[in-house]
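Residue numbering for the sequence shown follows UniProt numbering, beginning at 1 and increasing consecutively.
Backbone N, C-alpha and C define an ideal beta-carbon position, used for all residues, glycine too.
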Amino acid sequence: QRRRCYSRRQESLTFIYFIYLSLINEVNELVQMGEKIRRGQLSFWVSLRDVSDTEASKLHRNSSALESLPYFCTTANLPSAVVYLSQELQGMGLGCPLIETGSQRVNLVALINTCWEVTQLYRASARDSNNLLDQRRRDIADLNHCQSNIKDLRGNVEEKERLVCDAQEKERQAVSVSKALASKLKAEKEEVRKLSSVLQQREVHHQHELRKKEIENNRLTERLHRLISGDRSSELRPPSMTVSSTLARTNRSRAKWKTEASNARHEEDLHRRILSQYEAWVGQLSAENDQLKTCLSSISTQMSKLISKYSKNENKLPTEGDMNSSMTSSILSTDSLDDPVYKLEFHAFRDQVQQTFDVHMKTIMQIFEEKCKKGSKDVEEHLKKEISELEKQLTITKDELSYYHLLLSKDEGAAAKEKDLSFLEDAKYVEERATLEKDRQELAKEKKLLHQERDKFTEAAIRLNRE
């Protein structure tokens, strides 16, 4: 479709180009005709019916003679010029007789009208030539635009063809990759099918072996139970079976014939080994249970000691705390969880142990909460006391400062009144001024320290409220 559109565009452009060339040729011809009309060199001959061949030859000679002259009309050739002009005008289609037939005189009115028509025709032809020139310029611009569009379209077509080639190449590569992947997938499916079949065979084989082992295990367990129960009657005993995987010999002796005595000896050895393994396993479990019981008893005793210690240290507890402490002293004492209790089985004292641990944890949490509350109350009371003391100190220092300021103001007033005697009294108050200055500096230092402590206490109170 793109190629068809491109070919159609080329055909339309070629048709436009041919039309444009024909228009250019017509315009050139019209321009040449206008130039000839402007110069007076156009001779348009038309065959008339009432003019003979001899007259035509004469007119042709006259016209050639007139055209060869430097001037068209002079006093000498006025009649011939008028005749020639009338013939030319008649040949151009302007049938206005310039010469009267009867008097052979020139008709000036007709001459002026014909000249006016000629000028109008010239203007019309000039206007048409200008229009044709404008049209030619427009056609040239259109042609250039079409050529530029053709170039752009050719570039676009080449770009699209290149993209199509790239896409075809990518498609080819993708097809090849897909074919390779399909072949690999087919091979993998075949391998999976083979492996699944092998797995099914192995699973069937393992299930068959498992059933055989279960049957053999059941027979051995029945035989073991009979041996443990002491039932050695040959009448009730089922036929014996041979074990394929015999035990390895430590003495590296050769195998002997299988008899009833050897079979009984082997059965006794197997029974003895199984019993020894079972006893070892039971002993290990009992040792672990003993260790866990001792650890549990030690934890319970330590928790009860801790609770009793805190209950003794606390002299005044609320009623709820007393009730809890009495409960813990009655229930969670070391006598209630002594060693004989732990010597029993676990399911016999499991509920009691759980209850004791829950009560222990509740009492410990209550003790810690009470401690935290009491500590926070003590800290708040201590802070309030310190803040009140600091406020008292501040009031005292403020009173002292006001008193000192009054004294200083009195001293300054007295000094202003007794300026003349100031040099005599300065010696008396030098030491007092020095002491006052020292006291002032110490008060300033104490004031700074008090402000710093006050800021610290406010920060501590804010932090305590947040906590």
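Nearest Cα to leucine 292 within the set Val353, Ser304, His266 and Glu267: Val353. In the DSSP annotation of this structure, the continuous segment of the alpha helix (DSSP H) that includes cysteine 165 starts and ends at 108 to 229.
Following the DSSP letters along the chain, one finds threonine 458 inside the alpha helix (DSSP H) bounded by residues 430 to 466. Out of Arg136, Ser86, Ala124 and Ser125, the CA that lies nearest to the CA of isoleucine 112 is found in Ser86.
For threonine 397 against lysine 447, the beta-carbon gap comes to about 7 angstroms, under 8 angstroms, which counts as contact. For glycine 91, the enclosing alpha helix (DSSP H) has its first and last residue at 78 to 91.
A distance of 8 angstroms or more separates the beta carbons of leucine 227 and histidine 266. Between isoleucine 307 and isoleucine 364 a beta carbon distance of about 7 angstroms is seen, short of the 8 angstroms cut, so the two are scored as contacting. With contacts defined by Cβ atoms closer than 8 angstroms, glutamate 400 and leucine 443 form a contacting pair. Non-local C-beta neighbours of glutamate 159 in its own chain, meaning closer than 7 angstroms and more than five positions away in sequence, are absent.
Taking the Cα positions, arginine 433 is about 10 angstroms away from aspartate 439. Comparing C-alpha distances from serine 304 to each of Arg202, Ile367 and Glu169 shows the shortest one belongs to Ile367. Around valine 118, the same chain offers no residue with a beta carbon nearer than 7 angstroms, after the five sequence neighbours per side are excluded.
With a contact defined as Cβ atoms closer than 8 angstroms, leucine 383 and alanine 461 qualify at about 6 angstroms. Under the three-state reduction of DSSP, threonine 294 is assigned to helix. If you check the CB distance, leucine 436 and tyrosine 404 come in under 8 angstroms.
Comparing alpha-carbon positions, the option among Gln200, Glu380, Asp139 and Glu169 lying closest to asparagine 25 turns out to be Asp139.
Cysteine 73 sits in coil when the DSSP states are folded into three classes, being neither helix nor strand. Apart from the 5 residues on each side of it in sequence, isoleucine 299 has no Cβ closer than 6 angstroms to any other Cβ in its chain. Collapsing the DSSP output to three states places threonine 259 in coil. Contact check for leucine 406 against arginine 454 fails: the beta carbons are separated by 8 angstroms or more.
The alpha-carbon separation between lysine 371 and methionine 361 amounts to approximately 15 angstroms. Rounded to whole angstroms, the gap between the alpha carbons of lysine 151 and glutamate 88 is 52 angstroms. C-alpha of arginine 136 to C-alpha of tyrosine 122: approximately 20 angstroms in a straight line.
Scanning Asp290, Tyr310, Leu181 and Leu133 for the CA closest to the CA of glutamate 369 turns up Tyr310. Our two residues, glutamine 302 and lysine 374, have alpha carbons roughly 25 angstroms apart in a direct line. In this structure, the CA atom of glutamate 288 is about 29 angstroms from the CA atom of leucine 224.
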